[in-house]
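Only one structure is covered here, and it is reproduced in the block below.
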Amino acid sequence: MVTDTKTREAPSFAVIDAIVHKHNAEPGSVIPILQEIQDEYGYVPVVAIDRIAKITGITNGEVYGTATFYNMFRLEPLGENLVKVCHGTACHLAGAERIAEAIALEVGAKEGETSADGKFTIEQVACLGCCSSAPALMINEEIYGRLTSESVRKVLKKCACGNGDGA
Amino acid sequence: MSTANGSPVVKVGLSSCGVAAGGRGVYDALAAKLEDSKVSLMQTGCIGMCYKEPLVEVLMPGNERYLYGDVTPEKAERIIEEHLFKGQPVKDWLLMVEGNGSDIASPLEGQRRIVLRHCGIIDPESIDDYISVGGYGAIKKALGSMTQEQVIDEVIESGLRGRGGAGFSTGMKWRFAREAKGSPKYIICNADEGDPGAFMDRSVLESDPHSVLEGMLVAAYAIGADEGYIYCRAEYPLAVRRLKLAISLAQERGFLGESILGSDFSFDLKIREGAGAFVCGEETALMMSIEGKRGMPRSRPPFPAQSGLWGKPTSINNVETFANVSWIISNGAKEYNSLGTEKSKGTKVFALAGKVARGGLVEVPMGMTINDIVFKVGGGTSSDLAFKAVQMGGPSGGCVPASLADTQVDYDSLSSIGAIMGSGGMLVMDESTCMVDLAKFFLNFTQDESCGKCVPCRVGTKRMLEILERITDGKGHDDDIEKLEGLADSIKRASLCGLGQTAPNPALTTIKYFREEYEAHIKDKTCPAKKCPALITYEVLADVCTGCTKCTKFCPTGAIAGEKKQPHVIDDAKCVRCGLCMDVCKFNSINVF
């Protein structure tokens, strides 16, 4: 999973190499390797793509192709908190778009953007599987359900304190 | 998990839905309150009553069960104080009572729980809990007294069909993989539950992961596989965590690894986390993804049973299918096939969501009608508006209007009306849902998730979406319905995989059953459900508005003007129709027309 918010460090070959070798440098493990690198840095640095290709013996193009095929991988750094706004069917019926509007109003970032203070990256996701708690969203790895345009703003305000429970 | 030492047990539902509703806070409050008492506190998974989360169950000696709903940390303290310390259950918050003579009818009535048999009952993080309810008995029975052929025969006799959506006979799938030449062979569990509106698999994995592991073990033994993968979507971090724990516990106890239970059967299991691609729920794309490639489907045949993962014979089954398997082996095929209809045996789990009063997970015998599921099991709509339709099977499925809701839920009856069983998402809609908007929603999803390999799906879904967009924008052309139908026909016939072949279904079924709504958008430029932004206008009802100024603070475009205690006014030119004002107004003074 990606959502950890570790201190941002410059990508290092030592760290990347260790992750690749942990998976025996198998071409079949490109996805778990990319996942771990993203865990480490919050995104997949381009240098990591070249490095994975070099060690596993597949082409840069193939690694890049895999990294860009899956929604989860980001080639740009993240804000401190990753907010995934659910746009599944139940959330859509329950007003997910209004939740997104309310978030934009609170943090100044729309879906696909990072807030100017670097605190929040807002993403749109297809379904978090918490349909009976719609509308829902996930901040880092915590799910918040039964949101309203008002409660979502409170959740975001509280988020910096790291409180894990629902709205 | 029971009152073994004669002391009460308190259980808190902590799967994602419980946590989202604030279950951790309730658990912590209970833990603090129970610190010096003999009462034991444990976590369980999801009993399925997500609409009443957080749930707390009190289990008293003598097997009396009391279930409380909508519990807050404050309520939790009172429950401990009055029920456990003074022996007086807090009647107002009770949802269900069993075993003390004054039972309150269970909201689970009408259900038959096989897949969900342990969900919300056992601690999903304890292998001993699973074993105490007979867990790992199926693999013991299979290894101890059944040949591989007998296991396959038993599953065929049970009538179990794949619960991922396609509904192919599970036992036959295993037979093909067993008879295929090639080694090694693989078992894969498809836990890439991508349909928006579906959460059956998440709940089972979070609440009873060992039953899925055990089903995989039985399958591996039957086809002769010694390696398996669980492909789980990364959007389910709790499910992944509990699966990893379950695997390591099963390894410690010798249910996974070399020479399982002293036999010559060995089996290793790995988890692969998906990376956010809906198409990877398609079996050939899923295998590409396990191999580390872009998850793009290929044409079949060859089927995975002949040439699957790394070109080897592979059987791919879904989470719910595996959870059924362990029950079938333990209880026998006859017990299973006595449930259901002629061609659809057993039970099916549905994720009831949308505008339904009792949303959550339900498991019913095959053959129950949609009406019974929505009204008897689900309690009807959650609003005071009429029931309009259900959407079954997510983006691949179809809409069933209320007028056809006496249809039986089985594979064949559903496909005869243009819907599908699908994986089990059942979205209930009331009169406030715009069916054109719903079709647009699903097409937006499928065109976004199309992998792009074949043209009909990649370009066709995009063109359909564009037409639906202009219809909802009030710019529809007179022949747009026919254009949609024509495109749909080509996409269904010419696409490579299930994603494309089924993508037009939501549009086709809404056209079939709600054509007049399309026509209202196209010809009258109105949205009967008052949903589509371009076709509606917001206004403040001056005689209701109290002038509290709240909406003015929430309006993202500053379109609402007004002084305190004076009726406010919306500037239509600035209004973006987001509906935030309506959401936050406490006096229902915002009107849409």
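Read top to bottom, the protein sequences are chains Y and U. Just so we're on the same page, the numbering used here is the position in the first sequence counted from 1, plus 14. Just so we're on the same page, the numbering used here is the position in the second sequence counted from 1, plus 115. Note that CB positions come from ideal geometry on N, CA and C, so glycine has one too. These figures come from a predicted structure and were not determined experimentally.
Distance, P176 of chain U Cα to S122 of chain U Cα: Taking C-alpha positions only, S122 of chain U is separated from P176 of chain U by approximately 6 Å.
Chain U residues whose Cβ lies nearer than 8 Å to that of A112 of chain Y: Here the sequence assigns Arg to residue 112 of chain Y, which means Ala is not the residue at that position. Residues of chain U passing the Cβ test: C693, G694, L695 and D698.
Rounded separation between K190 of chain U and E398 of chain U - CA only: Taking the Cα positions, K190 of chain U is about 46 Å away from E398 of chain U.
Name, in chain order, the residues that DSSP records as bridge partners for A462 of chain U. First, the residue type needs correcting, since residue 462 of chain U is Thr and not Ala in the sequence shown. Residue pairing for T462 of chain U: DSSP places it in a beta bridge opposite U:P480.
Contact check, S414 of chain U vs L611 of chain U, beta carbons under 8 Å: By the CB criterion at 8 Å, S414 of chain U and L611 of chain U fall inside the cutoff.
Distance, Cα to Cα, L212 of chain U vs N178 of chain U? Checking the sequence, you will find Val at residue 212 of chain U rather than Leu. Near 11 Å, if we compare the C-alpha coordinates of N178 of chain U and V212 of chain U.
Quick check: the Cα distance between I338 of chain U and G613 of chain U, rounded to an integer number of angstroms? Rounded to the nearest angstrom, the two C-alpha atoms are 26 Å apart.
Does the distance from the C-beta atom of C132 of chain U to that of E168 of chain U stay below 8 Å? Contact flag set, yes.
Determine, for M483 of chain U, whether the minimum Cβ-Cβ distance to residues of chain Y falls below 8 Å. It does not; no Cβ of chain Y falls within 8 Å.
Alpha carbon of M15 of chain Y to alpha carbon of Y55 of chain Y, nearest angstrom: Any reading at M15 of chain Y needs caution, since the residue's pLDDT is 40, under 50, leaving its predicted position unreliable; the model's value is listed next. If I take the Cα positions, the gap works out to 12 Å.
Could you name the residues that DSSP lists as bridge partners for P516 of chain U? Per DSSP, U:A504.
Beta carbon of P428 of chain U, beta carbon of A313 of chain U: below 8 Å? Taking 8 Å as the cut-off, the Cβ atoms of P428 of chain U and A313 of chain U do not count as close.
Could you spell out where the beta strand (DSSP E) holding S430 of chain U opens and where it closes? Run containing S430 of chain U: T429 to N433, per the beta strand (DSSP E) assignment.
DSSP three-state label for E168 of chain U, please. In the three-state reduction of the DSSP assignment, E168 of chain U falls in the coil class.
Let me know the beta strand (DSSP E) ranges lying completely inside the region 380-442 of chain U, each 3 residues or longer, listed in chain order. Runs of the beta strand (DSSP E) inside the region 380-442 of chain U: 383-388 and 429-433.
Exposure label - I488 of chain U; buried when at least 16 CB within 10 Å: Flag for I488 of chain U reads buried.
Relative to chain U, which residues along the region 19-45 of chain Y have a C-beta separation below 9 Å, given in chain order? Result list: E40, P41, G42, S43, V44 and I45.
For a cutoff of 8 Å on Cβ pairs, would you count S531 of chain U as touching chain A? The structure shown has no chain A; the protein chains it does contain are Y and U.
Can you tell which of U:K463, U:G513, U:E546 and U:I685 has its C-alpha closest to the C-alpha of K503 of chain U? The shortest Cα separation from K503 of chain U among U:K463, U:G513, U:E546 and U:I685 belongs to U:E546.
For V99 of chain Y and chain U, any beta-carbon pair shorter than 8 Å? Under the 8 Å criterion on CB atoms, V99 of chain Y is classed as non-interfacial with respect to chain U.
Excluding the 5 residues preceding and the 5 following H636 of chain U in the sequence, name in chain order all residues of the same chain whose CB lies nearer than 8 Å to its CB. Counting only Cβ-Cβ distances below 8 Å, and skipping sequence neighbours, we find V551, I586, T587, G589, G591, C642, C647 and L650.
Three-way DSSP call (helix, strand, coil) for Q226 of chain U in this model: Correct three-state label for Q226 of chain U: coil.
Using a Cβ cut-off of 8 Å, which residues of the region 70-94 of chain Y contact any Cβ in chain U, in chain order? Correct list: E76, G79, T80, F83, Y84, N85, M86 and F87.
Can you tell me whether DSSP reads I63 of chain Y as helix, strand or coil? Residue state, collapsed to three classes: helix.
Are the CB atoms of F8 of chain Y and Q52 of chain Y nearer to each other than 8 Å? In the structure displayed, chain Y extends from 15 to 181; residue 8 of chain Y sits before or after that span and is not available.
Option nearest K36 of chain Y by Cα separation, candidates Y:I63, Y:P25, Y:V58 and Y:I69: Among Y:I63, Y:P25, Y:V58 and Y:I69, the Cα nearest to that of K36 of chain Y is on Y:I69.
Helix, strand or coil for M175 of chain U? Go by DSSP, reduced to three states. The answer is strand: DSSP assigns M175 of chain U an E or B state.
Determine the DSSP secondary structure at C713 of chain U, reduced to helix, strand or coil. With chain U covering only 116 through 708, there is no way to say anything about residue 713 of chain U.
Residue burial classification, D323 of chain U (beta-carbon count within 10 angstroms, cutoff 16): Its Cβ being crowded by 16 or more others within 10 Å, D323 of chain U is buried.
Pick from U:S247, U:P188 and U:K638 that is closest to D595 of chain U, judged by C-alpha positions: For the residues U:S247, U:P188 and U:K638, the minimum Cα distance to D595 of chain U belongs to U:K638.
Contact residues within the region 134-151 of chain Y, judged by C-beta distance below 8 Å to chain U: If the cut-off is 8 Å between Cβ atoms, the region 134-151 of chain Y has V139, A140, C141, L142, G143, C144, C145, S146, S147, A148 and A150 near chain U.
Could you work out which residues of chain Y lie near R317 of chain U, taking near to mean beta carbons separated by less than 8 Å? Those within 8 Å of R317 of chain U in chain Y are G143.
In whole angstroms, what separates the C-alpha of T17 of chain Y from that of M541 of chain U? Only weak support exists for where T17 of chain Y lies, its pLDDT of 43 falling under 50; the coordinates are left without a value.
Rounded separation between D179 of chain Y and Y158 of chain Y - CA only: Since pLDDT at D179 of chain Y reaches only 42, below the 50 mark, its modelled position is unreliable, and the value read off the structure follows with that caveat. About 7 Å.
Is L320 of chain U closer than 8 Å to R357 of chain U when the C-beta atoms are compared? Yes, the pair counts as a contact, with Cβ atoms nearer than the cut-off.
Output yes or no for whether 8 Å exceeds the beta carbon distance between K470 of chain U and T436 of chain U. Contact: no.
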